[in-house]
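For reference, the structure is listed below as structure tokens.
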Amino acid sequence: MAQTYIVVDQLKDWSAFLASDHVITFPQYLSLTTKVNDRTRIINLCKSSRYLSDGYYCSLLAESRGHNVMPSVRTLNDLNKKALYDIELSQWLPTIAEKLGIPAEPTTIKGHAVFGNTLQPELKDFARKLFEKFPCPVIEFSLVYKKQWQVKSLKVTSHKSLNDEEETLFAEALDAFSSKVWNRARKNRSTKFDLAMLVNPEEAMPPSDKQALKKFVQAGKQLGIQVDIIGPKDIVRLPEYDGLFIRETTNIDHHTYQFAKKAEANGLVVMDDPQSIMRCTNKVYLADLFNTHKVPCPKTRIIHKGESNLEDTLEQHISYPMVIKIPDGAFSKGVLKAQNRDELSQCLDELFKKSSLLLVQEYLYTEFDWRIGILNNKPIFACRYYMVKNHWQIYQHGESKSESGAFDTLPTFEVPRRVLQAAIAATKPIGNGLYGVDVKELKGRGYVIEVNDNPSIDRGVEDKYLGDELYMQIMSEFLRRMQQKTQGHSDI
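Take -6 as the starting number for the sequence shown in our numbering and just add one per residue.
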């Protein structure tokens, strides 16, 4: 379980806040005994961050000890050189100007951003972006208007520079950011590890509903894992944790991939990992992977925008109806079916506007698709997802709502052997994470359609046969991997 320390110049600097043995001085931090794979977090609140000051050395030594520190040396260096942060901030200026408006005369606005929060409502987005780009407890900023708005200066500072109202904001923001660092160790003494579960409350079709999320939290608690639900804005909190469980639809050009990359870089157990996200979210990659590893799948052609005589070439290899897909669609989005050449041309024209590469597959008619849940290359659940009535897919998206077909949930031992074999064969070259493999069964054979790195697990659907045991199996795998990380093993 992670240990968090707040480092100050003198203990009296913390007199305005709740006393805690997690607040230590820089000399105390210097003498702190460290261990290999130490899960220690440091919040550096030393007054000075200039080169070779105590604050600078605090961050430098924390990094040399393998501790996760805020602010990092890189952040200190970036904020000490205006030329470095000006490049980034120049992209924000139009948004800043829109929020602040145009004053009648030259104006200067000064303030503090504390853990991404500020007392000035019109600058809340600015403060949040500052924290995401330059993770730092307190940043003093100065904005000036002379013909146009400019960021005059940014400066790393300590909580001692805050007024009474800002101190209250600081205490609340610190409490929210660090999950009550000074009380947490006593409160959760029974827990062994901390797991962050990334969830986006605004997602229309999330991979897990609220009931399923609660089940994951409960299962973690039984195993000694403290599961905290975090959101898209909480990337800077990742170093607090031992693992990251992504329960949000993933994509490469998306914050979910950034979360996975940062978590992996910080030594967390991640599910699903960046490599799995990269491989699974691109159907072109999967198609090539299946071909290389002889995974049974429908006849597939990867086509490029601008190829000549595309319709002729496709008709030579694939019979109608054909299924045309963009590489990174999810939940049946970006997937069209062509019954003839005219429809094929229309589909190609429409989807080439979204991607320079497309997949074209033969259409295999089945009443349902198998969804096989695979964890660590072993099947853990099996569902049959039926097509929407009078539609050829399991999802049908309308202008105002989306529909899904019926489902059956079965024990994995009742799944046809060749379906399971196809699902396992599809995941082995990808990784050992949690996957949902879509398989069509035709004439006794299994044909893999795609592999999802972030499979749906909803209460009363995927868990209908195993019940709570499904959540326990997934959390137990997290526990196993986190234990191996702690013991210094890499064979997970």
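Beta carbons are placed, not taken as given, at the ideal position from N, Cα and C, and that holds for glycine.
From a predicted model like this one, the values you see are computed outputs, not experimental measurements.
Inset, instruction - Compute the Euclidean distance between the alpha carbons of H286 and I423, then round it to the nearest angstrom. - result: 11 Å
Inset, instruction - Tell me where the alpha helix (DSSP H) around A418 begins and ends. - result: R410 to T420
Inset, instruction - Just grab the DSSP bridge partners of N61 for me. - result: R34
Inset, instruction - Out of T359, V444, K347 and E360, point me to the one whose CA is closest to N370's CA. - result: V444
Legend entry - Bridge partner(s) assigned by DSSP for Y378: In DSSP, Y378 forms a bridge with D362 and F400.
Inset, instruction - Take every Cβ of the segment 186 to 194, pair it with every Cβ of the segment 240 to 260, and state whether three or more of those distances are shorter than 8 Å. - result: Touching, yes.
Inset, instruction - Within 10 angstroms of the Cβ of M475, are there 16 or more other Cβ atoms? Answer buried if so, exposed if not. - result: buried
Inset, instruction - Using beta-carbon positions only, say whether F400 and V454 come within less than 8 Å of one another. - result: yes
Inset, instruction - Could you spell out the range, first to last residue, of the alpha helix (DSSP H) harbouring E81? - result: K75 to L82
Inset, instruction - From the DSSP output, in three-state form, read off F10 for me. - result: coil
Legend entry - Contiguous alpha helix (DSSP H) assignments of at least 4 residues, all confined to the segment 185 to 216: 203 to 215
Inset, instruction - Figure out for me which residue from G109, N425, L463 and D461 has the closest Cα to the Cα of A120. - result: Looking at the Cα atoms, G109 is the closest of the given residues.
Inset, instruction - Confirm, please, whether the CB-CB distance from V137 to T111 is below 8 Å. - result: no
Inset, instruction - Run the CB neighbour count on S338, radius 10 Å, all protein chains shown included, and call it buried at 16 or more, exposed below. - result: exposed
Inset, instruction - Return yes when the Cβ of K40 is within less than 8 Å of the Cβ of K153, no when it is not. - result: Result yes, Cβ atoms of K153 and K40 sit closer than 8 Å.
Legend entry - As assigned by DSSP and simplified to three states, the class of Q268: helix
Inset, instruction - Specify the secondary structure class of I450 as computed by DSSP and reduced to three states. - result: coil
Legend entry - Buried versus exposed call for P64 [16 or more other C-beta atoms within 10 Å across all chains shown]: buried
Legend entry - Contact check, S42 vs L69, beta carbons under 8 Å: yes
Inset, instruction - Answer yes if the segment 408 to 423 comes into contact with the segment 344 to 357, meaning at least three C-beta pairs across the two stretches below 8 Å, and no otherwise. - result: Remark: fewer than three beta-carbon pairs, one from each stretch, lie closer than 8 Å, so the segment 344 to 357 and the segment 408 to 423 are not flagged as touching.
Inset, instruction - Name the two residues that bound the continuous alpha helix (DSSP H) containing I467. - result: From DSSP, the alpha helix (DSSP H) with I467 extends over D461 to T479.
Inset, instruction - Would you mind sorting M198 into buried or exposed? The rule is 16 or more other CB atoms within 10 Å of its CB. - result: exposed
Legend entry - Stretch-stretch touch, CB-based, cutoff 8 Å, three pairs: the segment 309 to 323 with the segment 331 to 345: yes
Legend entry - Same chain, Cβ closer than 6 Å to T359, neighbours up to 5 away in sequence not counted: K433
Legend entry - Neighbourhood of L206 by C-beta, 8 Å cutoff - its chain only, sequence neighbours within 5 removed: M190, V192, I222 and R240
Legend entry - Inter-residue spacing [alpha-carbon to alpha-carbon] between D505 and N259: Any question about residue 505 goes unanswered here, given that the chain covers just -6 to 485.
Inset, instruction - Alpha carbon to alpha carbon, how far is G48 from A12? Give it in angstroms, no decimals. - result: 21 Å
Inset, instruction - Leaving aside the five residues before and after R272 along the sequence, list all residues of the same chain whose C-beta is less than 6 Å from its C-beta, in chain order. - result: Taking R272 as the centre and dropping the five residues before and after it, the same chain places the C-beta of Y278 and I423 closer than 6 Å to its C-beta, in chain order.
Legend entry - Rounded straight-line distance, which links the Cα of L162 to that of F10: 12 Å
Inset, instruction - Using three-state DSSP, classify L116 as helix, strand or coil. - result: helix
Inset, instruction - Output yes or no for whether 8 Å exceeds the beta carbon distance between N73 and C51. - result: no
Inset, instruction - Check I132 in the structure and name its three-state DSSP category. - result: strand
Legend entry - Distance between beta carbons of L472 and L216, contact taken as under 8 Å: 5 Å
Inset, instruction - Answer with buried or exposed for P114, where buried requires no fewer than 16 other C-beta atoms within 10 angstroms of its C-beta. - result: exposed
Legend entry - Own chain residues within Cβ distance below 7 Å of L492, not counting five before or after: Residue 492 falls outside the range modelled here, since the chain spans only -6 to 485, and no answer is possible.
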